[in-house]
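Please read the structure below before turning to the comments.
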Amino acid sequence: MKIVQLSDTHISHLGGATTENLRAFVDLINSINPTFVVHSGDVAILDPDQAEDREAARELLAGIQAPLRVLPGNHDVGERPDNAWAGLVVTPERLAAFEATFGPDHWLELVGDWAVIGVNSEIMGSGLPEEEAQWEWLATLPAQIGTRPTLVFSHKPVWNPYPEVTEHNIAIPDDSKARLLAALDGVTLAALGSGHLHHYAVSTETHGDAEILTVSAPATGFAHAGLGGPALAQQGIVEYQLGEAGAVRPFFRNLPTLVEIAPTEIPEFSAALEELGVSL
Ligand SMILES: [Fe+2]
Ligand SMILES: [Fe+2]
């Protein structure tokens with residue numbers, strides 16, 4: 015069975031390179047013919063309050079033939095108050111606007127013999143009632159999942175590959191990470207997949223007696239080369255091949271036809287920055 019993760023589409027209602035790339039990736043996803051597709055957030059180009067960007071993304075994503083679930087990124091709903099990029103903090107209004115377009119911001123899907131969990135990383139550390147509701151929901155999952163091997167997706171990674179970076183929120187905060195892993199105790203974690211970093215990387219992390227496969231999905235919109243390390247800073251998607259006994263193999267997939275330029279060279283990105291009053 016195959017599951018596809020796409021991420022960080024960063025769609026503008028003005029079109030441009032990120033739109034061209036997503037159109038091509040939708041065709042690639044359909045040619046892979048997965049059983050299920052996850053979008054791990056940053057659907058919209060930059061501004062969570064720009065409804066037209068959300069709608070443009072929704073229309074493009076409707077081309078995906080397999081069942082699709084979408085998770086919010088910081089550019090879709092804002093993020094926790096400390097270090098929030100451009101001061102874009104997660105609010106109930108932004109969460110409601112996202113859910114009205116893309117459906118629930120956290121979900122459980124039973125796919126074949128597997129379980130797939132999507133969590134909203136952007137409310138973690140926010141103190142909003144929506145955060146508490148998600149913790150309560152997470153506590154109900156082990157009983158629903160039983161012995162199924164499980165994939166967990168979030169926008170921000172659970173394990174922080176760049177703890178030395180302090181000016182941006184790279185990952186889920188440490189206390190939320192501990193709480194999330196504790197809530198999933200008893201669940202057979204086959205892999206964790208995230209977005210946000212705009213590069214492809216695979217690692218294993220130790221949790222108790224378990225070694226957990228972690229995958230950072232590349233962006234479809236544009237790559238970030240600036241974080242360093244061994245990650246593959248190219249645009250693409252991840253195809254997860256799910257085998258026997260909880261075996262997961264992640265594959266990087268891309269296309270020869272991508273528009274691969276820096277975000278600052280994308281006019282629609284510059285226009286969105288200007289609307290937000292942000293200069294890089
Ligand atoms: Fe992003
Ligand atoms: Fe992000």
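Residue numbers (this note's numbering): 15 to 294.
Virtual Cβ for every residue (Gly too), placed ideally from N, Cα, C.
Boundaries (first-last residue) of the alpha helix (DSSP H) holding residue i
i      : result
Phe236 : It is not in any alpha helix (DSSP H) - Phe236 carries neither H nor E in the DSSP assignment.
Arg108 : 106-116
Val40  : 31-46
Ser190 : 188-197
Ser284 : 281-290
Neighbour-count burial assignment, residue i, 16 or more Cβ in a 10 Å radius
i      : result
Glu73  : exposed
Ser21  : buried
Gly321 : This structure does not reach residue 321, given that the chain is present from 15 up to 294, and the question cannot be answered.
Pro62  : buried
Gln158 : exposed
Ala76  : exposed
Straight-line Cα distance separating residue j from residue i
i      : j      : result
Gly92  : Glu69  : 17 Å
Lys16  : Gly87  : 24 Å
Gly257 : Pro48  : 14 Å
His238 : His213 : 7 Å
Val216 : Tyr176 : 14 Å
Met336 : Trp99  : This structure does not reach residue 336, given that the chain is present from 15 up to 294, and the question cannot be answered.
Ile226 : Pro264 : 13 Å
Gln19  : Gly126 : 17 Å
Pro143 : Leu85  : 18 Å
Ala276 : Phe236 : 7 Å
Ala196 : Ile184 : 21 Å
Arg267 : His182 : 28 Å
Asp96  : Trp173 : 18 Å
Leu290 : Phe50  : 34 Å
Leu198 : Glu145 : 16 Å
Ala205 : Pro171 : 12 Å
Ala65  : Ala259 : 43 Å
Run of the beta strand (DSSP E) containing residue i, from where it starts to where it stops
i      : result
Pro264 : 262-267
Lys170 : Careful: Lys170 lies outside any beta strand (DSSP E) and carries neither H nor E.
His221 : 215-221
Trp121 : 121-125
Ile226 : 224-230
Trp128 : 128-132
Glu253 : 251-256
His89  : Premise fails: His89 lies in the alpha helix (DSSP H), 88-91, not in any beta strand (DSSP E).
Inter-residue CB distance, residue i and residue j (contact presumed, cutoff 8 Å)
i     : j      : result
Arg83 : Glu123 : 6 Å
For the structure I just gave you, are there three or more beta carbon pairs, one from the region 114-121 and one from the region 30-48, closer than 8 Å?
no
Contact between the region 97-114 and the region 23-32: three or more CB pairs below 8 Å?
no
Touch test, the region 214-231 against the region 243-254, Cβ-Cβ under 8 Å, three pairs minimum
yes
Inter-stretch contact at 8 Å, needing at least 3 Cβ pairs: the region 147-161 / the region 209-216:
no
Inspect the CB distances between the region 178-192 and the region 218-225 and report whether three or more fall short of 8 Å.
no
Below 8 Å, can you find three or more Cβ-Cβ pairs linking the region 159-176 to the region 130-148?
yes
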